[in-house]
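Since the structure comes first, as structure tokens, the remarks are kept for the end.
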Amino acid sequence: MRDYFPAARGVFDDLDAADTLELLGKAPTPAQAAKLTTGQISAALKRAHRKKNVTARAKTILGALGKQHLGQPDEVSVAYAASITALIAV
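Take 625 as the starting number for the sequence shown in my numbering and just add one per residue.
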């Protein structure tokens with residue numbers, strides 16, 4: 625995660641928390657995450673059973689994920705995303 629998706633590491637305190645996994649499952653690449661809306665993030669947080677501060681947390685996540693970050697070439701991001709998606713499925 626540090627190498628290909630630094631924004632996720634910065635916004636999620638616990639990378640194996642239910643809300644983190646829900647969002648990474650929905651948008652496993654930085655490019656996909658940058659396209660998420662507040663509504664999509666809020667819905668993912670609710671699916672992960674977050675009940676408090678959903679809108680505020682969604683806005684915080686959106687702000688962090690929408691920023692430009694140094695990243696990897698698309699091919700590398702896609703490969704990392706496939707690994708993350710597989711790990712979440714297990």
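In this text, a Cβ means the ideal position worked out from N, Cα and C, and glycines have one as well.
- Ala-632 to Arg-626, Cα distance in whole Å? 8 Å
- the region 670-679 contacting the region 632-646, beta-carbon criterion three pairs below 8 Å: yes
- Task: Report yes if the C-beta distance between Ala-682 and Ile-708 is below 8 Å; otherwise report no.
- Result: no
- What's the gap between the Cα of Ile-685 and the Cα of Val-635? 6 Å
- Query: Using the rule of at least 16 other Cβ atoms within 10 Å of the residue's Cβ for burial, across every protein chain shown, is Pro-697 buried or exposed?
  - Reply: exposed
- Task: Flag this pair as yes or no: are the beta carbons of Ser-701 and Pro-654 separated by less than 8 Å?
- Result: yes
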